[in-house]
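Visitor: Below: one structure in structure tokens.
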Amino acid sequence: MFSDPLHESVVMAAWERFLAGGDSSEALRDAVDGSWQRCQLGQVDPAQSSGPPPISESSLYLLHQAHGELLDLSSPVMAHARDFLSETGTMMALADPRGTILSIEGDRHTIDDGQSIHLMPGGAWSELVIGTNAIGTALELGQPVQIHSAEHYCEGIKRWTCSATVIRHPLDDEILGVVDVSGLSQTFSRHTLGLVVTTASRIENRLAAREMELRYRLLEATMARLSASGHDGMILFDRRGHPIKANGVAQSTLMQRGGPFDLSRPRRLQALALAPQSPHAPVGLPEWIRPDWLHPVTDGGERIGTLLVLPGVQRASRPQVVADDDAAPAARGDAVAFAHLAGTSPALRDVVGKATQLARSKVAVLLMGETGVGKEEFAQGIHRASDRRDGPFIAVNCGGLSRDLLASELFGYAEGAFTGARRGGHAGKIEAANGGTLFLDEIGEMSPDLQPHLLRVLEQGEIQRLGENRARKIDFRLVTATHRDLRREVAAGNFRMDLFYRIAVTSIQVPALRERPSDIRELVAHFLSHFAAEHGLPPHVIDEPAMACLEAYAWPGNVRELRNVIESMLLMADAPSIGVRALPVEIREGIGFEVPPSTCALPRSGLRIDHAERDVIVDTLRTARGNLTRAANLLGIAKSTLYAKLEKYRLHEEVSSARSQEDFAPPPSPHLK
Numbered sequence: 031m032f033s034d035p036l037h038e039s040v041v042m043a044a045w046e047r048f049l050a051g052g053d054s055s056e057a058l059r060d061a062v063d064g065s066w067q068r069c070q071l072g073q074v075d076p077a078q079s080s081g082p083p084p085i086s087e088s089s090l091y092l093l094h095q096a097h098g099e100l101l102d103l104s105s106p107v108m109a110h111a112r113d114f115l116s117e118t119g120t121m122m123a124l125a126d127p128r129g130t131i132l133s134i135e136g137d138r139h140t141i142d143d144g145q146s147i148h149l150m151p152g153g154a155w156s157e158l159v160i161g162t163n164a165i166g167t168a169l170e171l172g173q174p175v176q177i178h179s180a181e182h183y184c185e186g187i188k189r190w191t192c193s194a195t196v197i198r199h200p201l202d203d204e205i206l207g208v209v210d211v212s213g214l215s216q217t218f219s220r221h222t223l224g225l226v227v228t229t230a231s232r233i234e235n236r237l238a239a240r241e242m243e244l245r246y247r248l249l250e251a252t253m254a255r256l257s258a259s260g261h262d263g264m265i266l267f268d269r270r271g272h273p274i275k276a277n278g279v280a281q282s283t284l285m286q287r288g289g290p291f292d293l294s295r296p297r298r299l300q301a302l303a304l305a306p307q308s309p310h311a312p313v314g315l316p317e318w319i320r321p322d323w324l325h326p327v328t329d330g331g332e333r334i335g336t337l338l339v340l341p342g343v344q345r346a347s348r349p350q351v352v353a354d355d356d357a358a359p360a361a362r363g364d365a366v367a368f369a370h371l372a373g374t375s376p377a378l379r380d381v382v383g384k385a386t387q388l389a390r391s392k393v394a395v396l397l398m399g400e401t402g403v404g405k406e407e408f409a410q411g412i413h414r415a416s417d418r419r420d421g422p423f424i425a426v427n428c429g430g431l432s433r434d435l436l437a438s439e440l441f442g443y444a445e446g447a448f449t450g451a452r453r454g455g456h457a458g459k460i461e462a463a464n465g466g467t468l469f470l471d472e473i474g475e476m477s478p479d480l481q482p483h484l485l486r487v488l489e490q491g492e493i494q495r496l497g498e499n500r501a502r503k504i505d506f507r508l509v510t511a512t513h514r515d516l517r518r519e520v521a522a523g524n525f526r527m528d529l530f531y532r533i534a535v536t537s538i539q540v541p542a543l544r545e546r547p548s549d550i551r552e553l554v555a556h557f558l559s560h561f562a563a564e565h566g567l568p569p570h571v572i573d574e575p576a577m578a579c580l581e582a583y584a585w586p587g588n589v590r591e592l593r594n595v596i597e598s599m600l601l602m603a604d605a606p607s608i609g610v611r612a613l614p615v616e617i618r619e620g621i622g623f624e625v626p627p628s629t630c631a632l633p634r635s636g637l638r639i640d641h642a643e644r645d646v647i648v649d650t651l652r653t654a655r656g657n658l659t660r661a662a663n664l665l666g667i668a669k670s671t672l673y674a675k676l677e678k679y680r681l682h683e684e685v686s687s688a689r690s691q692e693d694f695a696p697p698p699s700p701h702l703k
């Protein structure tokens, strides 16, 4: 058992002997011995006291974009382990395939200790950078690894113990990243290796479910085309370049065209893999595929695959974009554009009617409403019902990024514009929306010094990337959204009047969920069906007492809060019928009781509860120094719920006050905020 101090001294002596040129293999496990050999060949400095400084905030942000799906799917899994890890004095890290840490959860003191050796988001932990360690060695071996104390190659990290394993894509076993649990040596436990293996497996299961969902959508979007008779051979590829469906003449057409591709033994075409935010034009195509034979398949504005159309020898092919039902002719598009919005209440139908009418015009639309009411869903509906439905739908949250990151995200940048800038530069989201719709969410949060740059784009129809003098012509439909009263913000000097009148040519007030309570039942049924399919669960129902409670609740977080509550109740359900005992505590408190009663027709007496809740939130904000992610974790609620409560109790000044405390430091990455 290598946690024995005697064994550690033996390993330490072997390390010293190895550095002096002697043989140490007899004292080491094979995995460690092989790693030390690689480190020596790679000229890793064994005297290093820490990893290199982490990459810049902007570079980490770009890295998060590149691995956005992995972060999104792993986030709930890692969050589930957060409380457990805090009790063991350890932390869990998620790294990319190169060993760069993307995110960290766990014990706060351990996270602080990890920063001293740059074991933190943005830190590089491959073997050739920092020697033998669980992250780097697991990536080298492609299997679970536990590295303890003296087994580390570099001197400065020998007081740590760590366990890690790789995360593989469920379809082709490509390594997507690595999950690691680390702590100081005294926290050593053999069970941490089982924890990381289980965690990686759960992430891989979520990846598999996501891939299956995308394949169903891909097949649904192209089934009519694939089923049609004709001379053209058609092969449908998923977003990773795997062929998943072909029509009856595909193989014969392939042979006629000289394509060395056997559909009986299909293989992945790397050139057809869709990189995150990549242009539609692929690179590195085989010689037997012409670019104009490739047709992007979209669903809800998202590129989900590629249809390869091999023209029959009798006639030539004409390029065509395969799109989902949302890209149907205008008459049909109006009918289905808002079909994804569940509910039949007059308040909702009135707003949908107005949005449908405005979608036919080209003017800018401002969507107003509380957080969580579904403003982005309305923006997507406007896009689908417009004559730009075949173009891209690009969404940017102006409140989720710092000023500099939002500028680069919107306007793009030239090569060398700042440290960490991508080679060749980067097209911003405004450019990406050319020919389609740009949706700017939380426009009221945009920094005042960025507002004139956006105004110039809207007035002149051209854009200049950061660090570049060349103007680029653009044409897009603008839809914006905010939960703020922009007229009040204009009066206060926080928002430019000329920009306000430019973006608010027309406006739509999206109703809060409490203003359309008759829609709750339909929304609940929709979410139950959706999440049951997503998680592979049997059908469930909410019983009448629980449904009455849901209808009585005020829903400060609106539809988003209802969605999260239904998913949580479904996942925790132990019977097909879900009752009042499954209701979250905030709903019970919100309607005036703490223990599930037999009926929910109780008077609201929430005044004292509201006061107590407000005080608790204020105290927690001070403890968290204004860090909303940490505050939500301490309160045990979702971050979206915390936002809703900040609005309810008007606590924005308290957040600013907490952040202004001397020892507050913002988190290193927007993804972790």
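Mapping to the working numbering: the sequence shown position 559 is 589, numbers consecutive.
For glycine and all other residues, C-beta sits at the position ideal for the given N, C-alpha and C.
This one's a predicted model, so the numbers in the text were calculated from it and none came from an experiment.
Can you grab the Cα-Cα spacing for the pair HIS570 / MET599, in whole Å?
Guide: Going by the C-alpha atoms only, they are around 10 angstroms apart.
Visitor: Taking the alpha carbon of LEU226 as the point to measure from, which residue in GLU241, PRO326, ALA125 has its own alpha carbon closest?
Guide: The sequence shown places Val at residue 226, not Leu. Answer by Cα proximity: ALA125.
Visitor: Please state if the CB of PHE408 and the CB of LEU396 are separated by a distance shorter than 8 angstroms.
Guide: No, the pair does not count as a contact, with Cβ atoms beyond the cut-off.
Visitor: ALA415 to ALA369, Cα distance in whole Å?
Guide: Rounded to the nearest angstrom, the two C-alpha atoms are 11 angstroms apart.
Visitor: Would you kindly check if the distance between the Cβ of THR252 and the Cβ of VAL339 is under 8 angstroms?
Guide: It is not a contact, given that the beta carbons lie outside the stated cut-off.
Visitor: From HIS37, GLU87, MET242, pick the residue whose C-alpha is nearest to that of ASP268; which is it?
Guide: The candidate whose alpha carbon is nearest that of ASP268 is MET242.
Visitor: For the candidate residues LEU378, SER55, GLY342, whose alpha-carbon lies nearest to that of GLY278?
Guide: Closest by alpha carbon: GLY342.
Visitor: Taking DSSP's pairing of strands, which residues face PRO273 in a bridge?
Guide: PRO273 is bridged to PHE267.
Visitor: Consult DSSP for GLN494 and reduce its assignment to one of helix, strand or coil.
Guide: Of the three classes helix, strand and coil, the one that applies to GLN494 here is coil, per DSSP.
Visitor: Using 8 angstroms as the threshold, is the stretch 428 to 441 in touch with the stretch 463 to 475, meaning 3 or more CB pairs across them?
Guide: Cβ pair count under 8 angstroms is three or more, so yes.
Visitor: To the nearest angstrom, how far is the alpha carbon of GLU204 from that of GLU234?
Guide: Rounded to whole angstroms, GLU204 to GLU234 spans 11 angstroms at the Cα level.
Visitor: Starting from TRP318 and walking both ways along the beta strand (DSSP E), at which residues does that stretch end?
Guide: Careful: TRP318 lies outside any beta strand (DSSP E) and carries neither H nor E.
Visitor: Alpha carbon to alpha carbon, what distance is there between GLU643 and GLU619?
Guide: Cα-Cα distance, rounded: 10 angstroms.
Visitor: Can you tell me whether THR217 is buried or exposed, with buried defined as 16 or more other CB within 10 angstroms of its CB?
Guide: Buried, because 16 or more other Cβ atoms sit within 10 Å of the Cβ of THR217.
Visitor: Can you tell me where the beta strand (DSSP E) holding ILE131 begins and where it ends?
Guide: Note, ILE131: beta strand (DSSP E), 131 to 136.
Visitor: Take SER116 as the anchor and find which of GLY129, SER104, HIS97, ILE141 has the nearest alpha-carbon.
Guide: The residue with the shortest Cα to Cα distance from SER116 is ILE141.
Visitor: Taking 8 angstroms as the threshold, find out whether the stretch 102 to 113 comes into contact with the stretch 171 to 191 through three or more Cβ pairs.
Guide: The answer is no - the stretch 171 to 191 does not touch the stretch 102 to 113, with fewer than three Cβ pairs under 8 angstroms.
Visitor: Hey, how far is the Cα of PRO84 from the Cα of GLY153?
Guide: So the two alpha carbons sit approximately 4 angstroms from each other.
Visitor: Which same chain residues, not among the five before or five after GLY314, have their C-beta less than 8 angstroms away from its C-beta?
Guide: Around GLY314: GLN300, ALA301.
Visitor: Could you say which of ALA578, ALA123, GLN70, ARG128 lies nearest to ASP137 if we only look at CA atoms?
Guide: Cα-wise, what sits closest to ASP137 is ALA123.
Visitor: From LEU244 to HIS94, what does the alpha carbon distance come to, in whole angstroms?
Guide: The alpha-carbon atoms of LEU244 and HIS94 are separated by roughly 21 angstroms.
Visitor: Return helix, strand or coil for CYS428, following the three-state DSSP convention.
Guide: CYS428: coil per DSSP, three-state reduction.
Visitor: Report yes if the CB atom of ASP210 is closer than 8 angstroms to the CB atom of SER231, and no otherwise.
Guide: No, the Cβ-Cβ distance between ASP210 and SER231 is not below 8 angstroms.
Visitor: State the DSSP-derived secondary structure class of ILE667, mapped to helix, strand or coil.
Guide: DSSP places ILE667 in coil when its eight states are reduced to three.
Visitor: Pairing CB atoms from the stretch 481 to 499 with CB atoms from the stretch 513 to 532, are three or more of them under 8 angstroms?
Guide: Enough Cβ pairs lie closer than 8 angstroms, so yes.
Visitor: Could you give the residue range of the beta strand (DSSP E) that holds ASP210?
Guide: ASP210 -> beta strand (DSSP E) spans 205 to 214.
Visitor: Please name the residue or residues paired with MET398 in a DSSP beta bridge.
Guide: MET398 is bridged to THR512, GLN539.
Visitor: Tell me which residues share the same chain as ALA457 and place their Cβ nearer than 8 angstroms to its Cβ, disregarding the 5 neighbours each side in the sequence.
Guide: These residues qualify, in order along the chain: GLY442, ARG495.
Visitor: PRO547 to LEU92, Cα distance in whole Å?
Guide: Taking the straight line joining both Cα atoms gives about 41 angstroms.
Visitor: Take the Cβ of HIS705 as the centre, count every other Cβ of all protein chains shown within 10 Å, and call the residue buried at 16 or more, exposed below.
Guide: In the structure displayed, the chain extends from 31 to 703; residue 705 sits before or after that span and is not available.
Visitor: Assuming SER477 is part of the beta strand (DSSP E), what are its boundary residues?
Guide: Where SER477 is concerned, there is no enclosing beta strand (DSSP E), given that its DSSP letter is neither H nor E.
Visitor: What is the DSSP secondary structure of PRO697, reduced to helix, strand or coil?
Guide: In this prediction, PRO697 has a pLDDT of 40, which is less than 50 and means its spatial position is unreliable; nothing more can be read from the coordinates.
Visitor: Thinking C-beta only, is LEU672 closer than 8 angstroms to ALA661?
Guide: Cβ distance < 8 angstroms, so ALA661 and LEU672 count as in contact.
Visitor: So, are the CB atoms of LEU558 and ILE617 less than 8 angstroms apart?
Guide: Not in contact: LEU558 and ILE617 (Cβ atoms no closer than 8 angstroms).
Visitor: By Cβ distance below 8 angstroms, which residues in the same chain neighbour ASP202 in space, the five residues on each side in sequence not counted?
Guide: Correct list, in chain order: ARG270, HIS272, ARG298.
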